[in-house]
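There are 2 protein chains.
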Amino acid sequence: MAAVASSSSFYPNQTPTFLSPHPTVSHLFGISYSSSHKSSPGRLQLKVAATAKLVMDQKTQPSSLPTTVDVHLGDRSYPIYIGSGLLDQPHLLQRHVHGKRVLVVTNTKVAPLYLDKVIHALTVGNPNVSVESVILPDGEQYKNMETLMKVYDKAIESRLDRRCTFVALGGGVIGDMCGYAAASFLRGVNFIQIPTTVMAQVDSSVGGKTGVNHRLGKNLIGAFYQPQSVLIDTDTLNTLPERELASGFAEVIKYGLIRDAEFFAWQERNMDALMARDANALAYAIKRSCENKAEVVSLDEKESGLRATLNLGHTFGHAIETGCGYGEWLHGEAVAAGTVMAVDMSYRLGWIDKSVVERANKILKQAKLPTCPPENVTVDMFKSVMAVDKKVADGLLRLILLKGPLGSCVFTGDYDRKALDETLHAFCKS
Amino acid sequence: MAAVASSSSFYPNQTPTFLSPHPTVSHLFGISYSSSHKSSPGRLQLKVAATAKLVMDQKTQPSSLPTTVDVHLGDRSYPIYIGSGLLDQPHLLQRHVHGKRVLVVTNTKVAPLYLDKVIHALTVGNPNVSVESVILPDGEQYKNMETLMKVYDKAIESRLDRRCTFVALGGGVIGDMCGYAAASFLRGVNFIQIPTTVMAQVDSSVGGKTGVNHRLGKNLIGAFYQPQSVLIDTDTLNTLPERELASGFAEVIKYGLIRDAEFFAWQERNMDALMARDANALAYAIKRSCENKAEVVSLDEKESGLRATLNLGHTFGHAIETGCGYGEWLHGEAVAAGTVMAVDMSYRLGWIDKSVVERANKILKQAKLPTCPPENVTVDMFKSVMAVDKKVADGLLRLILLKGPLGSCVFTGDYDRKALDETLHAFCKS
Ligand SMILES: NC(=O)c1ccc[n+]([C@@H]2O[C@H](COP(=O)([O-])OP(=O)(O)OC[C@H]3O[C@@H](n4cnc5c(N)ncnc54)[C@H](O)[C@@H]3O)[C@@H](O)[C@H]2O)c1
Ligand SMILES: NC(=O)c1ccc[n+]([C@@H]2O[C@H](COP(=O)([O-])OP(=O)(O)OC[C@H]3O[C@@H](n4cnc5c(N)ncnc54)[C@H](O)[C@@H]3O)[C@@H](O)[C@H]2O)c1
Ligand SMILES: [Zn+2]
Ligand SMILES: [Zn+2]
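The listed protein sequences derive, respectively, from chains A and B.
Add 1070 to a position in the first sequence, counting from 1, and you land on the number used in the numbering used here.
Add 1070 to a position in the second sequence, counting from 1, and you land on the number used in the numbering used here.
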């Protein structure tokens, strides 16, 4: 019990009132990252070391106390639960279901893996709740209005009313689509995110951006719409293909680069563990990522400025995704190459040291992520896609660029156009 | 000037800082309705009488000081400008345009009548602003996702960015679609309503409900999204077909029945003037309707209760609209028949006097509106459409019913099912 008590100060965001039937401390893990925590690293190191043995002893416990990260948004605040075995803790889900009707939105890849488990978690000991599900085709190329209509169709045919709850079960594509369906069905119903990819767990499920693609660009149609809660069962990552795993790390690396140098340094030391799916390393990376994202979103929900910094590498990346046709490159892969381009441009502007360029390249390579766009993407393709970027304001393209020591960035349209041109030409054959 | 000064107290919501280049008082009109105003009718009658002559004298003035009704919604508050010739006062529009790019959404019927005028109002003396327009097919049957895609297409092809402004120019169909497009394009851009039907001017343009129909039901996909402003130029009603005019009066009558007995009494005295398009009577009915709607919306934006009362007759009405296939009956016509049914049911429940039933029927007939559903709509059709009504919560159909003296209503699921059945059978052949 001493270990659990000390964990409370280690995880300041943890919901103290929640008590698991199996209160283990498996969410307190290895010491390799402890020094990266911002507050009193020395003290923390001690605590984590003290609990490490306990973790080993209790590894057989089926479920664990979740770590909770809170997203502070006034009356739209919500918790993110992070941990192993959370899908085996039905109350975590059930406490956030409104009404008696649930629609689970998932896809052909994820349904066979986790749909039964989620339906069980929603209904066990809760006979009043009835669950429908809609299984969408899998892939970014289906993240469009046509596929979205299948969700509305199912909801309406099932006669769901305003007091129903939509549950997104899957990666970022499902999360974004289900979230937008929830935002727009009957002008808004409750919804819960169960992200099952690294990408969705560290980024897309948090912060309320929802939407679908248009044939002329990504995420051009959507809404800001916050979930009731986000449930991250890290066990779901065990079935994730390697490329998808790495794709998610592009966003994790992003948080380090734009605002959390200590986290970046932790990643440099632990990227091999992350690639090897070390459970503790994964859980920590997810928690720390969610904390970073939650903080940014709390400060700037509707992206009037600060939140845009989460798009490091994304303007270049979206051009790559659009240029390849959605589905060729993964989102995180495109972001990785885009990040290298943004970092390159920052360096050309004289805003960062060579060492930052090198560290960014190195960690992305360690994560087996691409560090340049595919050959078929041309300068003109970049330029034309960038012109419809949402961050263009009155014709001026603003970019997220690094400036200063690692962990600092700016969101600005005030840069030398020459540097952008040079970067595009340096990374494109034509 | 004395007349203008006294008008300020007559129109407490008027924006005092606005000064028209032609400050006439043509928004102060006839005395027939004055006694219906809630505060000190005696004093008002005097004032209005005093200004009436002035109105006559200045009838040749091209534009007039608008009446302003404010919708109070914190940082999303906005003004509704009401008056004759407002489209000839460019600053009324221009002050609410954000950014330099505007997309006017209108339809094939309205574009030839008013598009040039609106483009002129947006651009005159304002060379920085560029205006695109998209002209949709006309009719409720086009209020769907497919038509909406044309708006997104145009916006994206025109490379509009987040700081653009969408302008809805048309009736409720255009307003609902343009509003929803504005809500969802790039997760939300500015938008202005220029309603051109009675229906849109007294109801749909105010309050932020936007959306499109699904083949299985009306307005099932949408968003709550408030405009920057609503500009009501009453002159646009001069081109409106008679049936459309009357259709809008169904909503005007609704405000009287559910919450404003004095306004209802005014309508009883002035329905002939309204039907004859008396400009003063129309402007007053619009203003009073907007005030009623604005008050309700301010108290309950997201329709957790009170706002639902604005749907008197709409649950029955939606069933009629869906039963006929959209486009056969006008929205207001369906609402009129639905209102009679709701009033009938209220009477069967013993909640209202026979006199209320009679007055409701009489005024609707005066407005040449239907007082029963079309013959082909059956009890089963009502029941099946009512089952997907948005006001069903956990399977219980809640209805807006009159209860007590005229001007009072309830929104409740607590009624004798027999009364509903009896009403359905009384109004349907099968
Ligand atoms: N809303 C936001 O703030 C935000 C942020 C970042 C990314 N996104 C969006 O997220 C999307 C990318 O998300 P993604 O990378 O998760 O892609 P994805 O949803 O396509 O998932 C990747 C693949 O993994 C499969 N999968 C999911 N979970 C699995 C599991 N547990 N085991 C095995 N396979 C599994 C999926 O079916 C898919 O084939 C993009 O559309 C992007 O625009 C949104
Ligand atoms: N959002 C809300 O709160 C709300 C409230 C009430 C109704 N509505 C919606 O509004 C719609 C009905 O609105 P409506 O009755 O305005 O229908 P509408 O928009 O179809 O307009 C009626 C007809 O009049 C034409 N028209 C418009 N302005 C004209 C003018 N000045 N001169 C000549 N013709 C003109 C239109 O092109 C159309 O043919 C429905 O879809 C209904 O669901 C929404
Ligand atoms: Zn991303
Ligand atoms: Zn209506």
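Ideal Cβ positions, reconstructed from N, Cα and C, are used throughout, including at glycine.
Note that the structure is predicted; figures quoted are calculated from it, not measured.
Return yes when the Cβ of residue j is within less than 8 Å of the Cβ of residue i, no when it is not.
i: A1331 (chain B); j: F1481 (chain B); result: no
i: I1205 (chain B); j: V1237 (chain B); result: no
i: F1452 (chain B); j: A1389 (chain B); result: yes
i: G1477 (chain B); j: R1358 (chain B); result: no
i: E1338 (chain A); j: I1433 (chain A); result: yes
i: V1175 (chain A); j: V1221 (chain A); result: yes
i: F1255 (chain B); j: Q1298 (chain B); result: no
i: L1192 (chain A); j: S1203 (chain A); result: no
i: V1282 (chain A); j: K1224 (chain A); result: no
i: V1471 (chain B); j: S1416 (chain B); result: According to the sequence as given, residue 1471 (chain B) is Leu; it is not Val. Contact flag set, yes.
i: T1448 (chain A); j: S1374 (chain A); result: no
i: L1307 (chain B); j: L1344 (chain B); result: no
i: A1293 (chain B); j: A1253 (chain A); result: yes
i: H1168 (chain A); j: R1233 (chain A); result: yes
Answer with yes or no whether the minimum CB distance from residue i to chain C is below 8 Å.
i: L1490 (chain A); result: Within the model displayed, chain C is absent; protein chains A and B are what it includes.
For a contact meaning CB atoms closer than 8 Å, what does residue i contact in chain B?
i: L1143 (chain A); result: Ordered by position in chain B, no residue passes the 8 Å Cβ test against L1143 (chain A), which lies about 15 Å from the chain.
i: G1287 (chain A); result: I1226
Out of the options, which has the shortest C-alpha to C-alpha gap to residue i?
i: A1496 (chain B); options: B:A1412, B:A1349, B:Q1296, B:R1347; result: B:A1412
i: H1142 (chain A); options: A:N1196, A:E1361, A:L1162; result: A:E1361
i: A1316 (chain A); options: A:G1420, A:Q1271, A:I1264; result: A:Q1271
i: I1244 (chain B); options: B:D1223, B:A1181, B:Q1164, B:M1456; result: B:A1181
i: S1274 (chain A); options: A:K1473, A:R1229, A:E1321; result: A:E1321
i: G1383 (chain B); options: B:E1338, B:N1340, B:R1468, B:V1139; result: B:R1468
i: V1405 (chain B); options: B:K1424, B:L1163, B:A1351, B:F1319; result: B:F1319
i: R1229 (chain B); options: A:T1267, A:V1201, A:D1186, A:G1287; result: A:G1287
i: Y1250 (chain A); options: A:T1266, A:M1219, A:M1269; result: A:M1219
i: P1440 (chain A); options: A:S1416, A:V1449, A:E1403, A:W1421; result: A:E1403
i: R1313 (chain A); options: A:D1370, A:V1282, A:R1347; result: A:R1347
i: M1456 (chain A); options: A:G1155, A:V1167, A:D1423, A:L1490; result: A:L1490
i: V1367 (chain A); options: A:T1304, A:T1409, A:G1278; result: A:G1278
i: R1165 (chain B); options: B:Y1354, B:T1280, B:Y1151, B:N1177; result: B:Y1151
i: G1241 (chain B); options: B:D1208, B:E1373, B:V1259, B:M1345; result: B:D1208
i: P1311 (chain A); options: A:P1160, A:Q1159, A:L1400, A:L1419; result: A:L1400
i: V1268 (chain A); options: A:T1235, A:M1341, A:A1355; result: A:A1355
i: Y1485 (chain A); options: A:C1479, A:E1216, A:L1419; result: A:L1419
i: L1301 (chain A); options: A:L1162, A:Q1211, A:F1333; result: A:L1162
Does the beta carbon of residue i fall short of 7 Å from some heavy atom of ligand 6?
i: H1401 (chain A); result: What this structure holds is ligand 1, ligand 2, ligand 3 and ligand 4, not ligand 6.
Can you list the residues of chain A that residue i reaches, using a CB-CB cut of under 8 Å?
i: K1279 (chain B); result: R1257
By the criterion of Cβ-Cβ separation under 7 Å, what are the contact partners of residue i in chain B?
i: H1284 (chain A); result: Y1222, I1226
Can you name the residues of chain A whose CB is closer than 7 Å to the CB of residue i?
i: S1254 (chain B); result: I1291, G1292, A1293
From the DSSP secondary-structure annotation, give me the bridge partner or partners of residue i.
i: D1303 (chain B); result: B:G1153
i: D1145 (chain A); result: A:L1143
i: Q1508 (chain B); result: Because chain B here runs from 1071 to 1500, residue 1508 (chain B) falls outside it and cannot be looked at.
i: S1200 (chain B); result: B:R1171
i: A1293 (chain B); result: B:T1280
i: I1356 (chain B); result: Paired residue(s): none; I1356 (chain B) is not in a bridge.
i: F1481 (chain A); result: A:I1470
i: N1177 (chain A); result: A:L1206
i: F1255 (chain A); result: B:I1291
i: T1137 (chain A); result: A:I1152
Practice item. Would you list, in chain order, the members of the region 1368–1396 of chain B that have their beta-carbon closer than 7 Å to a beta-carbon of chain A? Key: Correct list: empty, as no residue qualifies.
Review point. The region 1215–1226 of chain B: which residues have C-beta closer than 7 Å to a C-beta of chain A, in chain order?
Key: In summary, the residues of the region 1215–1226 of chain B whose CB is separated from some CB of chain A by less than 7 Å are M1215, M1219, Y1222, I1226, in the order they occur in the chain.
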